[in-house]
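The next block holds one structure in the form of structure tokens; read it before the comments.
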Amino acid sequence: MTEFSFPKNFLWGAATSAHQVEGNNVHSDWWAWEQAGRVQERSGLACDHYRRYKEDFDLAVSLGHNAHRFSIEWARIEPAEGAWNDEALTHYVDVVRALRERHLEPIVTLHHFTTPQWLVEQGGWLNPKIVHCFARYVERVAAALGDSVRYWITINEPLVYIRMHFIDGLGPPGLKNLKDALQVTRHLIYAHAAGYYALHGAPSMRHAPPRVSIAQHLPEFWPCRRWWPMDHWITSLTDQIFNHAFVDALRDGRWTVPGVATWELPEARQTLDFLGVNFYGRQFIRWKPMPQGWPGSSCDLAHHYPREVKERTSLGWDVHPPSFTHALSRWGHLGLPILVTENGTYMTDDARRWSYIRRHIQAMAQAIRRGAPVIGYCCWSLLDNFEWAQGYGPRFGIVNVDYATQRRTVRESGHRYADVCRRNAIELNSA
Ligand code: GAL
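Here you go:
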């Protein structure tokens with residue numbers, strides 16, 4: 302058995318997002334969506350993290366973390382158009398201070414699936430105005446937080462957001478339309494670029510330049526039926542659209558949708574300082590004529606698994622740690638530092654949760670050995686939380702939350718993860 306030591310100053314932490322943990326996020330589009338009865342369960346008080354953040358950060362420190370990823374809620378900062386809520390802004394200043402006091406490096410997300418409801422009523426991500434609105438919001442946040450934050454994520458999982466909200470209709474505004482999705486993608490690319498320049502241009506950042514990225518969901522796509530050429534074709538097309546197109550646009554200012562067009566977006570060129578990577582597993586793609594949404598998306602991720610898939614999470618997702626090594630290695634070739642902004646699982650059996658996390662950390666270690674420039678790892682999630690359309694059923698936390706009492710209990714997986722964080726090392730070939 303060999304022990305692998307991670308690089309010095311490696312970031313170890315866990316991630317959350319505002320709407321999923323804070324509670325009473327009443328000015329956001331997700332809140333309105335829930336009140337309209339579009340999902341079975343409402344977020345309500347969630348984990349009451351808006352009030353209990355200090356206690357939660359104490360827990361993170363007690364678990365050996367040295368970093369923490371969270372998101373700022375735009376709808377709290379600007380609950381109505383141009384009406385800035387200084388109290389909310391001060392709240393996030395306090396949050397960052399609380400992290401710094403505990404020696405937790407803040408990793409701040411500016412948009413994690415939720416948008417102010419007033420803006421959505423004006424067309425939201427379909428309205429080009431949103432780019433300017435987003436930049437204005439980022440400027441406010443940058444002025445308030447300044448260089449107390451080094452790592453920034455503008456948009457969380459742009460492609461998952463687009464798919465869930467504009468193709469599958471599972472979140473607000475509930476659209477199912479490819480043309481709209483393309484428009485939204487363009488605005489998200491522009492919004493990221495505008496956010497990037499707002500952060501880099503902020504006078505408050507003069508002394509310590511920010512490091513800015515998106516958090517890109519990077520599944521490894523595999524053909525469902527290896528013997529069927531059409532499955533291979535649709536798999537590489539999906540990889541291009543889902544994994545590459547957005548990142549490429551932020552690298553070289555050129556956005557290509559295969560078979561549709563290539564657009565020059567020079568504003569977006571060179572707007573990644575690092576790459577935030579969210580990884581959950583492999584996804585199998587199967588060609589089916591007359592696809593609705595993305596070509597091949599008719600391959601329902603949870604239902605078309607080939608026989609070789611041996612292990613699934615409690616949500617039915619594939620578990621395949623070697624794909625994580627592969628993903629990190631292949632994205633490492635971009636030459637940007639990689640920060641794992643999310644990786645984790647929902648398993649009803651916590652021992653299996655730990656097995657998943659441990660094997661993925663080992664897979665990450667393998668990738669680092671092969672040269673992938675990984676600088677940190679955030680487990681999803683610190684707390685059990687509101688899992689969007691699936692409500693409170695799936696529990697991703699390394700800390701259990703009793704929603705009736707708001708009592709937090711660290712799971713065994715949380716303790717085991719703490720051991721890795723403290724040692725900054727992991728055994729490589731333990732069973
Ligand atoms: C990610 C998302 C998180 C969380 C997680 C678990 O795609 O960023 O908000 O829901 O998946 O499914």
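Residues 302 to 732 in the working numbering are what the sequence shown lists, from first letter to last.
All residues carry an ideal CB built from backbone N, CA and C; glycine is no exception.
Sequence-distant residues of its chain with Cβ nearer than 6 Å to residue i (five each side left out)
{"i": "A376", "result": "H328, S329, P417"}
{"i": "H533", "result": "P524"}
{"i": "F522", "result": "T536, T539, D540, Q584, I586"}
{"i": "H661", "result": "P622, F625, N644"}
{"i": "A503", "result": "A443"}
Distance between residue j and residue i (C-alpha atoms, nearest Å)
{"i": "A628", "j": "P695", "result": "25 Å"}
{"i": "E643", "j": "A550", "result": "22 Å"}
{"i": "L684", "j": "R583", "result": "24 Å"}
{"i": "A509", "j": "L640", "result": "19 Å"}
{"i": "L360", "j": "R353", "result": "11 Å"}
{"i": "V450", "j": "L390", "result": "14 Å"}
{"i": "T303", "j": "Q663", "result": "11 Å"}
{"i": "T649", "j": "T455", "result": "32 Å"}
{"i": "W655", "j": "E713", "result": "8 Å"}
{"i": "R552", "j": "H413", "result": "22 Å"}
{"i": "V668", "j": "G383", "result": "For the record, residue 668 in the displayed sequence is Ala; it is not Val. Taking the straight line from one Cα to the other gives about 46 Å."}
{"i": "L616", "j": "T415", "result": "23 Å"}
{"i": "Y293", "j": "V322", "result": "The chain is shown from 302 up to 732; residue 293 falls before or after that span and cannot be answered."}
{"i": "T563", "j": "T557", "result": "4 Å"}
{"i": "G560", "j": "I542", "result": "11 Å"}
{"i": "N457", "j": "W385", "result": "23 Å"}
{"i": "Y693", "j": "H466", "result": "19 Å"}
{"i": "E688", "j": "P380", "result": "23 Å"}
{"i": "R464", "j": "Y718", "result": "32 Å"}
{"i": "H488", "j": "E402", "result": "37 Å"}
{"i": "M506", "j": "L446", "result": "9 Å"}
{"i": "A368", "j": "H350", "result": "17 Å"}
Sequence-distant residues of the same chain with beta carbon closer than 7 Å to residue i, five excluded per side
{"i": "G645", "result": "I658, C680, W681, S682, F697"}
{"i": "G672", "result": "G633"}
{"i": "R570", "result": "D553, G554"}
{"i": "A434", "result": "In the sequence on display, residue 434 carries Cys and not Ala. Here the set comprises L420."}
{"i": "V721", "result": "I662, I727"}
Same chain, Cβ closer than 8 Å to residue i, neighbours up to 5 away in sequence not counted
{"i": "A666", "result": "F305, F307, I727, L729"}
{"i": "D387", "result": "none"}
{"i": "R398", "result": "S449"}
{"i": "L519", "result": "N544, V578, N579, F580, A628, W632"}
Coarse secondary structure for residue i, derived from DSSP in three states
{"i": "T293", "result": "With the chain covering 302 to 732 only, the question about residue 293 has no answer from this structure."}
{"i": "A347", "result": "coil"}
{"i": "I586", "result": "strand"}
{"i": "I463", "result": "helix"}
{"i": "Y438", "result": "helix"}
{"i": "I373", "result": "coil"}
{"i": "V409", "result": "strand"}
{"i": "P559", "result": "coil"}
{"i": "F547", "result": "helix"}
{"i": "L819", "result": "No answer is possible for residue 819: the residues shown for the chain start at 302 and end at 732."}
{"i": "H634", "result": "coil"}
{"i": "I431", "result": "helix"}
{"i": "G447", "result": "helix"}
{"i": "W564", "result": "strand"}
{"i": "L683", "result": "coil"}
{"i": "Q571", "result": "coil"}
{"i": "R709", "result": "strand"}
{"i": "G329", "result": "In the sequence as presented, Gly is not what sits at residue 329; that position holds Ser. Residue state, collapsed to three classes: strand."}
{"i": "F305", "result": "strand"}
- [ ] State whether the region 495-506 contacts the region 612-622, with contact taken as three or more CB pairs (one from each stretch) at a distance under 8 Å.
- [x] no
Open item on the list: Quick test of the definition: if touching needs 3 or more C-beta pairs under 8 Å, does the region 335-350 touch the region 607-617?
Closed with: The region 335-350, when compared against the region 607-617, does not touch it at the 8 Å Cβ threshold.
TODO: Spell out a yes or no on whether the region 364-374 and the region 422-430 are touching, meaning 3 or more CB-CB pairs, one atom from each, closer than 8 Å.
DONE: No, the region 364-374 does not touch the region 422-430.
Open item on the list: I want to know whether the region 476-486 touches the region 434-452 - three or more CB-CB distances under 8 Å.
Closed with: With a cut-off of 8 Å on Cβ pairs, the region 476-486 is not in contact with the region 434-452, counting fewer than three such pairs.
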